[in-house]
Structures are given as structure tokens and as C-alpha cells.
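Novice: Sharing a structure with you now.
Residue numbers (the working numbering): 474 to 608.
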């Protein structure tokens, strides 16, 4: 645990909340950017293969796609850690009010909503569906 110097004051909870909210906002944008970049790079890769580009160019661009693919779980992992930290902080400091607490609650609500959608998708069983069947 970090020790405080005698001339330092304890961290202001409002300031800590602001930092945690801004961190989550930044990581949300970053995770979204990496997902968009991966989709774009995969699409471009498919176009390169379809247009029969030089094999060396395809191989080099495959490395770009692979790097993009590695960044998605990394950014998601960092986002999840920051969101968990924010959630714990909000729970521990429920008495705080103001714009940063509202922003924190909006971010956490968005996380809960996205998580519920992910859970619904993960639980959808399509094993028994025939090819072309609607569900």
C-alpha cells in the first residue's frame, strides 16, 4: 500500500471519481476503435485475397490483422478491470453526488446493458436449426 508523505493530503474522492470515469470513457473508445479496426482490416484482407494481390503483401497485411486481433481482448480486459474498479468505487462512495457520479452511473448502466445482451447471445442455441431455418 502506498504511504502518504506528511505534506500530502488524502485523495479527494470527487477527483478520484473523475479520473476513474475518464479512464473508463477512454478505454470504451479504445476498445470500440480496436473492434472497428479489426473489422476493417479483415475486410481489406478479404479484398486483397479476392483481387489476387501479391502473396508477400497479403502475408504482411495478415500480420497487421493478427496484431489488430490481439489488441481486442487486451483492450477489453483493461476496460473490464477499469469498470470493476469504478463499480467498487461507486459502491464504496454512494454518498457522492454530482456530474461525475451521474457519468459513472451511466457508464456502469451501459456496461450492465451490454453484458445482458452478450449473455443473451451466448445462451442462444442454434444447434437444432436446419440450414436456412428462421429462429
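Just so it is clear, CB atoms sit at the ideal spot from N, CA and C, and this is done for glycine as well.
#1: If I'm right that residue 556 touches residue 497 with Cβ under 8 Å, what's the distance once you round it to whole angstroms?
#2: From residue 485 to residue 524, what does the alpha carbon distance come to, in whole angstroms?
#3: Helix, strand or coil: how does DSSP classify residue 572 here?
#4: Mind checking which residues open and close the alpha helix (DSSP H) that includes residue 548?
#5: Are the beta-carbon atoms of residue 504 and residue 559 separated by less than 9 Å?
Specialist: Once the coordinates are examined:
#1: That pair is a contact at about 6 Å.
#2: For residue 485 and residue 524, the gap between their C-alpha atoms comes out near 58 Å.
#3: In the three-state reduction of the DSSP assignment, residue 572 falls in the helix class, which pools H, G and I.
#4: First-last of the alpha helix (DSSP H) with residue 548: 528 to 565.
#5: No; because the gap between Cβ atoms is not below 9 Å, this pair is not in contact.
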